[in-house]
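Number of protein chains: 2
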Amino acid sequence: MTTRISSISVLDEQECYQLLSTTTVGRVAFISHHGQQLLPLNFAMVDGVIYFRVNEEGVLSELADGLVDVAFEVDHHGTTTRDAWNVTVRGTTSRVHESAGLASTANLASLRPWAPGERALVVALTPELIDGRRVSSH
Amino acid sequence: MTTRISSISVLDEQECYQLLSTTTVGRVAFISHHGQQLLPLNFAMVDGVIYFRVNEEGVLSELADGLVDVAFEVDHHGTTTRDAWNVTVRGTTSRVHESAGLASTANLASLRPWAPGERALVVALTPELIDGRRVSSH
C-alpha cells in the first residue's frame with residue numbers, strides 16, 4: 106500500500122530503558138473490576154522501576170491493590186517523518202508508602218499527574234518483560 | 106506538588122469522535138493468549154468504526170478472532186504547554202473482509218501500518234463506550 110522503504114528493528118533492553126527515560130507520559134493497560142482499562146498518565150522511572158501517582162477514588166487506584174499483569178507503553182512518532190519507536194513494559198504493581206523515602210528522590214519528586222486533582226497513592230510497576238522496536242523510513 | 110492552576114473537563118461523545126479524527130496513531134489494549142497487550146498502531150475511522158491492518162502472524166491477529174473487551178486510546182500532550190487530551194474507546198473487534206468494499210473508501214485506503222511488513226488482516230473495532238477528557242493549564 107506504500108511506496109516508502111521502511112525497516113523495523115527490535116530494541117534491546119538497554120535501548121528500551123534509555124527511551125523510557127526520554128519522556129514522562131505513557132499509557133497503562135490493565136483489567137479492572139470494570140474490564141479493560143487504557144489511560145495515559147505521567148510517570149517517573151527510578152532504578153528501573155516505574156512510578157505513578159493515582160487518585161484514591163479513581164479506577165487507577167486498583168493498581169495499588171497489586172496487579173500481576175499490567176502493561177505500560179511509551180512511544181514516539183514524528184509528525185514530519187516516518188521514524189517511530191515504541192516500548193512496552195509488562196509487570197506487577199504494588200503500592201508504595203512514601204515514608205520509604207522514595208518521594209525524596211529527584212525523579213519521583215518531579216512526578217506530576219496528567220490531570221489535576223489529589224493523587225494520594227504512589228504505585229510502583231516492576232518490569233518483568235520489556236520490549237520495543239524502532240521503525241525507520243528511507 | 107505544582108503551583109500551576111489546571112482544570113479538567115470531561116468530553117462529550119461528539120468531541121471524542123472529533124478528536125479521534127485528528128490523528129492516525131493510537132494504542133490498542135487487550136488480553137491475548139499471552140496476557141495483557143498494549144501496542145501502538147495506525148488506524149482509520151470510517152462512520153464511527155475504527156479499523157486496523159494487522160499481520161496474520163503477530164499477536165494483533167487475535168483481534169481478528171473477535172474479542173469482546175478491547176480498548177483503544179489516542180492522546181495529545183503539547184511539549185511546551187500543559188494542555189492535553191485523551192480519548193479511550195472500548196468495544197468489540199471483528200475481522201473485516203475487504204471484499205465488503207470498505208477498502209475502497211478514502212480513509213481506509215490511507216490506512217498505513219505503524220511498522221512495515223505484510224498486514225493482510227483488516228480488523229474493525231466497534232465502539233460501545235467512549236470517553237475522554239481535556240486538561241488545561243492557566
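So the protein sequences, as listed, match chains A and B.
Here the first sequence is numbered in this note's numbering, starting from 106 and rising by one per residue.
Here the second sequence is numbered in this note's numbering, starting from 106 and rising by one per residue.
For every residue, glycine included, the Cβ atom is placed at its ideal position computed from N, Cα and C.
Give me the residue from S199/A, G237/A and V164/A with the minimum Cα distance to V227/A. Out of S199/A, G237/A and V164/A, S199/A has the C-alpha closest to the C-alpha of V227/A.
In chain B, which residues lie less than 9 Å from I136/A when you measure between Cβ atoms? Neighbours of I136/A across chain B, judged by C-beta separation under 9 Å: I136, Q141 and D174.
Buried versus exposed call for D180/B [16 or more other C-beta atoms within 10 Å across all chains shown]: Buried, because 16 or more other Cβ atoms sit within 10 Å of the Cβ of D180/B.
Just mark I235/A as buried or exposed, buried being the case when its beta carbon has 16 or more other beta carbons within 10 Å. In the assembly as shown, I235/A is a buried residue. Its beta-carbon has 16 or more other beta-carbons within 10 Å.
Exposed or buried, A225/B, counting other C-beta atoms within 10 Å across all chains shown (16 or more means buried)? Result: exposed.
If the criterion is Cβ atoms closer than 9 Å, does the pair D165/A and L144/A meet it? The residue asked about is misnamed: residue 165/A is Leu in this sequence, not Asp. It is a contact, given that the beta carbons lie within the stated cut-off.
Using only the alpha-carbon positions, how far apart do S111/B and Y156/A sit? If you take the alpha carbons of S111/B and Y156/A, they lie about 22 Å apart.
Figure out for me which residue from G237/B, S137/B and D170/B has the closest Cα to the Cα of A229/B. The alpha carbon of A229/B has as its nearest neighbour, out of G237/B, S137/B and D170/B, the alpha carbon of D170/B.
Alpha carbon to alpha carbon, how far is A176/B from T231/A? Straight-line spacing of the CA atoms in A176/B and T231/A works out to 23 Å.
Kindly indicate if chain B contains any beta-carbon less than 9 Å away from that of A211/A. Its pLDDT being 45, under 50, A211/A is placed unreliably by the model, and nothing is read from it.
Completely contained alpha helix (DSSP H) runs for the stretch 134-160 of chain A, where each covers 4 or more residues: Taking only runs of at least 4 residues, no alpha helix (DSSP H) segment lies wholly in the stretch 134-160 of chain A.
Counterpart residues of G171/B in DSSP-defined beta bridges: Bridge partners of G171/B: none, in fact.
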